[in-house]
Amino acid sequence: MRRRTPEAHCAVGWSAGGGGGNAAARTRREPIHGGSHSRVVRESGPAGGIPTATSDTRRRIHAPQTNKKEEQGMSIQQHQVRAAEMLTAAGILPVVTVHTLDQARAVSAALLEGGLPAIELTLRTPVAMDALAMLKRELPGVVVGAGTVLTVEQMQQSIDAGADFLVTPGTPTHMADALAAAPLPVVPGAASPTELLALYARGFRVCKLFPATAVGGLAMIKGLAGPVPDLKLCPTGGITEDSAAEYLEQKNVVCIGGSWMVPGNWIADGAWDKVRDAAAGAAKIVARVRGR
Ligand code: 3PG
658 MRRRTPEAHC AVGWSAGGGG GNAAARTRRE PIHGGSHSRV VRESGPAGGI
708 PTATSDTRRR IHAPQTNKKE EQGMSIQQHQ VRAAEMLTAA GILPVVTVHT
758 LDQARAVSAA LLEGGLPAIE LTLRTPVAMD ALAMLKRELP GVVVGAGTVL
808 TVEQMQQSID AGADFLVTPG TPTHMADALA AAPLPVVPGA ASPTELLALY
858 ARGFRVCKLF PATAVGGLAM IKGLAGPVPD LKLCPTGGIT EDSAAEYLEQ
908 KNVVCIGGSW MVPGNWIADG AWDKVRDAAA GAAKIVARVR GR
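The numbering of the sequence shown is the numbering used here, which starts it at 658 and goes up by one.
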């Protein structure tokens with residue numbers, strides 16, 4: 658499978674001094690997804706006065722970085738270990754949906770600034786794949802998982818765009834086949850013990866429980882810890898700031914996913930200060946529960 662080598666250059670390139678604000682519009686070249694051509698795009702800096710994600714920011718926050726070249730030759734077992742490491746380092750995984758590249762850039766920078774370096778970027782909008790590629794190019798300190806991966810084609814496109822890992826909301830057999838052979842860590846989704854055990858039998862040890870609260874929430878997670886203690890979960894769906902800690906405390910939970918720190922109206926309004934503050938609150942929960 659073809660992968661794009663992530664570029665090493667740094668960070669959100671606007672707003673000298675890191676103050677964000679209403680930076681003047683500028684242009685830059687942006688590769689057109691999946692091809693060698695590029696286009697000039699005109700854009701403005703983030704609204705709401707967020708600090709930009711500088712290399713200083715990245716040094717302060719422990720980001721669960723990936724080594725894509727090394728990962729390509731790994732077995733499913735090794736990829737699953739890597740997935741567990743990445744998600745454990747993240748603790749809380751914001752589930753992010755964006756409609757523009759500017760939103761992708763600004764929300765990721767705000768999350769990083771708040772202390773959440775890993776995101777699940779949903780493939781639910783037309784811009785999502787371009788946003789994924791852009792984030793890996795411009796914000797290498799952000800660990801980007803492609804979420805809502807529904808098809809093998811989306812899986813391949815996400816890999817080509819530079820995704821650090823893949824997440825599915827549910828995993829029909831043909832997707833499990835493809836994910837088992839994928840050259841990067843994956844987190845397949847499931848909603849029941851039978852679905853989880855089918856994934857377990859194929860070698861997956863880190864799965865997304867989705868939609869977590871709707872299918873049993875904490876009771877389901879506690880119930881699974883007995884029969885399959887080495888199956889680790891990333892429950893997502895319906896978890897809030899108030900319930901996050903109790904989910905994270907479960908011994909078979911490596912990470913929790915949620916969108917409470919990135920609701921659609923904050924993203925639409927450019928309320929990056931709110932995103933940053935909610936991310937900081939979430940990062941505090943991780944620090945408290947995990948004793949960091
Ligand atoms: C989703 O797929 O949107 C995620 O599960 C987020 O769920 P939440 O909005 O309930 O946190």
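Glycine included, each C-beta is placed from N, C-alpha and C at the ideal position.
Three-state secondary structure (DSSP) of residue i
{"i": "Pro850", "result": "helix"}
{"i": "Lys908", "result": "coil"}
{"i": "Leu807", "result": "coil"}
{"i": "Val863", "result": "strand"}
{"i": "Gly895", "result": "coil"}
{"i": "Val943", "result": "helix"}
{"i": "Gly772", "result": "coil"}
{"i": "Val932", "result": "helix"}
{"i": "Leu888", "result": "coil"}
{"i": "Thr779", "result": "strand"}
{"i": "Val738", "result": "helix"}
{"i": "Val764", "result": "helix"}
{"i": "Gly921", "result": "helix"}
{"i": "Gly938", "result": "helix"}
{"i": "Gly948", "result": "coil"}
{"i": "Gly678", "result": "Residue placement at Gly678 is flagged as unreliable, the pLDDT there being 30, under the threshold of 50; the coordinate-derived value follows with that caveat. Gly678 falls in the coil class under three-state DSSP."}
{"i": "Leu796", "result": "coil"}
{"i": "Gly880", "result": "helix"}
{"i": "Gly927", "result": "coil"}
{"i": "Gly730", "result": "coil"}
{"i": "Gly914", "result": "strand"}
Residue i versus residue j - alpha carbon distance
{"i": "Asp817", "j": "Pro845", "result": "19 Å"}
{"i": "Val755", "j": "Thr897", "result": "20 Å"}
{"i": "Thr757", "j": "Gly804", "result": "17 Å"}
{"i": "Val824", "j": "Thr779", "result": "9 Å"}
{"i": "Pro826", "j": "Gln735", "result": "22 Å"}
{"i": "Thr795", "j": "Ala767", "result": "It should be pointed out that residue 795 corresponds to Glu in this sequence rather than to Thr. Looking at the two C-alpha atoms, the distance is approximately 14 Å."}
{"i": "Leu807", "j": "Val946", "result": "32 Å"}
{"i": "Leu905", "j": "Gly730", "result": "31 Å"}
{"i": "Ala871", "j": "Gly895", "result": "7 Å"}
{"i": "Ile924", "j": "Glu903", "result": "27 Å"}
{"i": "Lys725", "j": "Leu854", "result": "28 Å"}
{"i": "Ser900", "j": "Leu875", "result": "10 Å"}
{"i": "Gly948", "j": "Phe822", "result": "26 Å"}
{"i": "Leu744", "j": "Gly921", "result": "23 Å"}
{"i": "Val932", "j": "Arg781", "result": "20 Å"}
{"i": "Asp934", "j": "Met918", "result": "8 Å"}
{"i": "Ala820", "j": "Val943", "result": "24 Å"}
{"i": "Pro840", "j": "Trp929", "result": "34 Å"}
{"i": "Lys908", "j": "Thr828", "result": "24 Å"}
{"i": "Pro886", "j": "Ala869", "result": "18 Å"}
{"i": "Glu810", "j": "Phe867", "result": "22 Å"}
{"i": "Gly938", "j": "Glu742", "result": "22 Å"}
{"i": "Lys793", "j": "Thr893", "result": "24 Å"}
{"i": "Ala746", "j": "Arg762", "result": "22 Å"}
Proximity of residue i and residue j at Cβ, strictly below 7 Å
{"i": "Leu789", "j": "Val801", "result": "yes"}
{"i": "Gly748", "j": "Cys912", "result": "yes"}
{"i": "Ala940", "j": "Gly772", "result": "yes"}
{"i": "Ala847", "j": "Leu856", "result": "yes"}
{"i": "Val764", "j": "Val753", "result": "yes"}
{"i": "Ala775", "j": "Pro842", "result": "no"}
{"i": "Ala835", "j": "Met812", "result": "yes"}
{"i": "Met786", "j": "Gln760", "result": "no"}
{"i": "Gly914", "j": "Glu777", "result": "yes"}
{"i": "Arg859", "j": "Ala837", "result": "yes"}
Assigned exposure category for residue i - 16 Cβ within 10 Å defines buried
{"i": "Pro884", "result": "exposed"}
{"i": "Ser732", "result": "exposed"}
{"i": "Ser916", "result": "buried"}
{"i": "Pro783", "result": "exposed"}
{"i": "Lys889", "result": "buried"}
{"i": "Thr851", "result": "exposed"}
{"i": "Glu770", "result": "buried"}
{"i": "Pro751", "result": "buried"}
{"i": "Asp926", "result": "exposed"}
{"i": "Pro797", "result": "buried"}
{"i": "Thr830", "result": "exposed"}
{"i": "Gly879", "result": "The sequence given here has Lys at residue 879, not Gly. Result: exposed."}
{"i": "Ala936", "result": "buried"}
Any chain D beta carbon closer than 7 Å to residue i
{"i": "Pro826", "result": "Of the protein chains in the structure, only one exists, and it is not chain D."}
Check your understanding: Which runs of the beta strand (DSSP E) fall wholly inside the stretch 822-850 and span at least 3 residues, in chain order?
Key -> 822-824
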